[in-house]
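Residue numbers for the sequence shown follow the working numbering, beginning at 304 and rising by one.
To start, the structure itself, in structure tokens.
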Amino acid sequence: MPFIDPAEAVTLRSKISSDKPQLGKLFAAKSAKFHFRNAEHSLVEGLTEQGWEEFGEPLKTKTRLRKPKSHNVQFEDDVWCQLYRLGYRMLNVDENFCLPFGPNPSDKKQIDIVAVDHDSVLLVECKSSELSAKPPSYKTEFEALRVRLDGYRKAIDQTFGPGRRIKYIFATRNLRLSRESIDVQRLVDSGGFYYNDNTFDYVDSLLKSYRDAAHYQFMGLIMKGQSINKEKIVVPAIEGMMGGKTYYMFSLEPHLLLKIGFVLHRTRANESEMPTYQRLLVPSRLKGITKFIDGGGFFPNSAILNFNERDTKLEFQGQPRTKDTESRTGVLKIPNAFAIAYIIDGQHRIYGYANSKYKESNTIPVVAFKNLDPSDQLELFMQINENQKAVSPTLRITLEEDLYWNSTRLDSRMKALRSSVIRALGGDAAGPLYNKISLGEDRALLQAKPFADALLRCKLLPEARGNKFVDGTTAVSLYDAANHDHNEEMIRARAKTVGLINASYDLAEQTLGPDQDALNTYILSNRGSYAFISLIGDLHAFEAGQNTISLASSAEERIDAISKYLLVLFKALTSLGPEDAEVLTGKLGSGAEATWLRYFQSFINDKFSSYDPPELQDWRERQDKELQTQGRELGTQIERHMKTFIIAQLKALFGDNWDIEIGTIQRDCEMRAKEQIEKDYKDGLGRREIPWTDQFFIKDYKTIIEKYWTKVPDGTPGSTSFEQHFSIDVGHGFNSKSDKVKWISLFNTLRNNWAHEGTKEKGLNSKDVELLAKIHHKLGLG
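Printed below as a string of structure tokens:
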């Protein structure tokens, strides 16, 4: 007895098309962001009131109109087009595809997208939101799914013929539904697949990189572990041991490797498969490899795989070992299932065969491990690729979690913890930074580096060198240094850190929501990321120092403690004057992040004077124009005095030959003078003579002073030596010649800070000016 009425099966088939011209036209329409129509001129006014707009040149009797698709229609169209690009050529052409799952007339469910190929049927249900939002509960929906899938399978078998695999896909856009949520767990337990924004973006990147070959990785992604057929793949093989690990050597046809293999690309879509580490392929390189193979080329080196036997077991039927070797020959039986072997090395070779005429007739040599630990798998990949293309900074930051989490070195574990925090911030579907941070091969609004730099210094996590924490960095951090269970404490500290940062960004979104420009410019930007994370850590440390919060405080208590400061910051950012706005947004380069942080801190200090960190005090002094002028005047007088005194002393010591005595320095000065004359001329300032004596460097003065340290001019009453005149105690010892002229090196450093008036990031603080005043006084200048 048929499961559904045969007439209904015919109706369902009529809503699916394999007609290539029809599918091509539908693909073009669904790829567009608008609905299009041509309307009689007289109808245009009424249609524009319904959301249609005119575009292009009007036709003779009609007007061209278009209307943006709603977010839900756009999403369904985008997924339909993605499946079309993946090679599906049997797709629903009717949006009203109601699939029966039971005997009652009401036992039907609307399926948004149906995609069929020779061995599988994909049933896709789409849910979307125009803006990022938390989803409703899908408890009832997913608890009933297991029963429905059984009915769907029977209806599909009757409609399209038996033998095809059924996969239910729950696709979402802009819904913050975490993979760890109870709803998604219900979906997966029922045999469904969760297709979120990350998955959509990943498949899109696969299509760009792998083109037609993307279908294999896609099937591995959604069908992982599912049987292709019951017949195992049987190959002759050699079993051996290497590094304490069992491995097998054999050869296998590429078309089989493409199905059972899976590449662990470092993308959010594979977040449940940590560690992931592979880059996406370069399309031009893939095409070149296929051409090379079809031209008779081959690769003699082996692909390296790791079989995960968690769900499927390898079976090796070996011959007895001989006395000469620990290796043995035999027959290896490999389960014929999707994505059971991770491709550690050789993805270009394997995927190069995807569109080759030799896909089923050539064989690829393989070295296959089984059950490698994730860390061993990652380390093997890094060793193989250490001399290949450099790993990008973003990928390196992302990999640090897996590389160093269990390291014996404390500083490496802290590096892993920071990496893990960044991944959690960008990968938490319920968090405000979800999909906003570049991770692995995924590109996003924000780079990972500002987060890594900020987390290193922001005091939320302690700093370490070697196997010791840096003094003073654990006291106010979220890491309990007294807990010697490293793994437990790292997980706990990560949760606390991510919780506080997410709560702070949530507060920013809520407060700055009406002013998206301020939010996007000053908070959700790369320069803003560093400043905001650093500020969160500094405010947390300040409150911890006031004993208002401690390591035992709850997440709510922490955000409550710092929210009053953050609200002041947000208010300041929305009312920023044009001058300050220009200073911040116009600031580029390495100093920009620090400048943004100081501005953020100063906004809060203006309201809460007790919050006055030393680095803010220092920065404000370096912005003080009066202090900079005072320091510059003192420094200029000191430098002028050094030149006058030294030249006079040399003339007194050596007469007319004084310049010959310092011949090397003189030649350097003459060269500088000539270069400056040439530069001025080329800059349009004309020719002007520059005395070589105007080209002394401070280090030249120091060299001369040290060389003629104790010499006193003959026959000149009251003369003093360089030692007597230039020995100044600046608190670094006062015994050796080096101690007594240490001030010159310090002076030279300060000179670099005031020499360029526009360089406010450096400048001089009050201690610097005090030192200059002391030198000025000791030299008898005031």
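A virtual CB, placed ideally from N, CA and C, is assigned to each residue, including glycine.
Query                                                                                                               : Result
Beta-bridge pairing of Glu918 - partner residues as DSSP gives them                                                 : Per DSSP, none; premise fails for Glu918.
Secondary structure, beta strand (DSSP E): runs of 3+ residues fully inside the segment 598 to 685                  : 606 to 610, 618 to 621, 631 to 637, 644 to 648, 667 to 673
Beta-carbon proximity of Asn770 to Leu713, cut-off 9 Å                                                              : yes
7 Å Cβ shell around Ile804 - same chain, five flanking residues per side excluded                                   : Leu728, Ile836, Ile839
Close-in-space but distant-in-sequence residues of the same chain around His1028 (CB under 7 Å, 5 per side omitted) : Phe948
Residue closest to Thr697, alpha-carbon to alpha-carbon, out of Leu748, Ala806, Met717                              : Leu748
Alpha-carbon spacing of Lys1067 relative to Arg923, whole angstroms                                                 : Checking the displayed sequence, the identity of residue 1067 turns out to be Leu instead of Lys. Their Cα atoms are separated by approximately 10 Å.
Inter-residue Cα distance where the pair is Glu356 and Arg388                                                       : 30 Å
CB contact flag (Ile667, Arg652, <9 Å)                                                                              : yes
Proximal residues to Tyr1044 (C-beta, below 7 Å), its chain only, five neighbours per side dropped                  : It is worth fixing the name first, because residue 1044 is Val in this sequence and not Tyr. Same-chain partners within the cutoff: Lys1005, Ile1008, Glu1009, Phe1029.
Residues that DSSP places opposite Asp745 in a beta bridge                                                          : Leu742
For Pro817 and Leu402, the rounded distance between their alpha carbons                                             : 44 Å
Paired residues, beta bridge with Thr351 - DSSP                                                                     : BP columns for Thr351 are empty, so no partner.
Anticipated Cβ contact below 8 Å, Phe337 with Met522, distance rounded                                              : The Cβ separation is near 32 Å, so there is no contact.
C-beta contact flag for Gly604 and Gly649 at 9 Å                                                                    : Per the sequence shown, residue 604 should be read as Asn rather than Gly. Taking 9 Å as the Cβ cut-off, Asn604 and Gly649 qualify as a contacting pair.
Residue closest to Ala516, alpha-carbon to alpha-carbon, out of Ser659, Gly1021, Met545                             : Ser659
Helix, strand or coil at Lys954 [DSSP, three-state]                                                                 : helix
Given Leu702 as reference, the closest of Asn665, Lys662, Leu567 once Cα atoms are compared                         : Leu567
Three-pair Cβ contact test at 8 Å for the segment 708 to 726 versus the segment 860 to 874                          : no
Spatial distance of Leu394 from Lys411 (CA atoms)                                                                   : 19 Å
Local conformation of Thr1013 per DSSP, three classes                                                               : coil
Beta-carbon proximity list for Ile531, same chain, < 7 Å, skipping 5 on both sides                                  : Lys562, Asn639, Ala640, Phe641
Phe1037 burial status per 10 Å Cβ neighbour count (16 or more: buried)                                              : exposed
Bridge partner(s) assigned by DSSP for Met544                                                                       : Thr549
Integer-rounded CB distance, given that Asn609 should sit under 8 Å from Ala644                                     : 7 Å
First and last residue of the uninterrupted alpha helix (DSSP H) at Val313                                          : 309 to 317
Enclosing beta strand (DSSP E) for Met393 [first to last residue]                                                   : 393 to 395
Segment contact, 8 Å Cβ cut-off, at least three pairs: the segment 335 to 351 with the segment 305 to 323           : no
Any 3 or more C-beta pairs closer than 8 Å across the segment 868 to 879 and the segment 788 to 804                 : no
Neighbour-count burial assignment, Gln620, 16 or more Cβ in a 10 Å radius                                           : exposed
Neighbour-count burial assignment, Gly938, 16 or more Cβ in a 10 Å radius                                           : buried
Proximal residues to Arg479 (C-beta, below 8 Å), its chain only, five neighbours per side dropped                   : Ser435, Ala436, Lys437, Pro438, Ala732, Ala733, Gly734, Tyr737
Nearest-angstrom Cα separation, counted from Ser1069 out to Gln253                                                  : The chain is shown from 304 up to 1085; residue 253 falls before or after that span and cannot be answered.
Buried or exposed by the 16-neighbour rule on C-beta atoms within 10 Å, applied to Leu827                           : buried
Integer Cβ distance of Ile592 from Ala458, believed to fall under 8 Å                                               : Actually they do not touch by this definition, with Cβ atoms about 42 Å apart.
Pick from Asp504, Leu683, Ile416 that is closest to Met545, judged by C-alpha positions                             : Leu683
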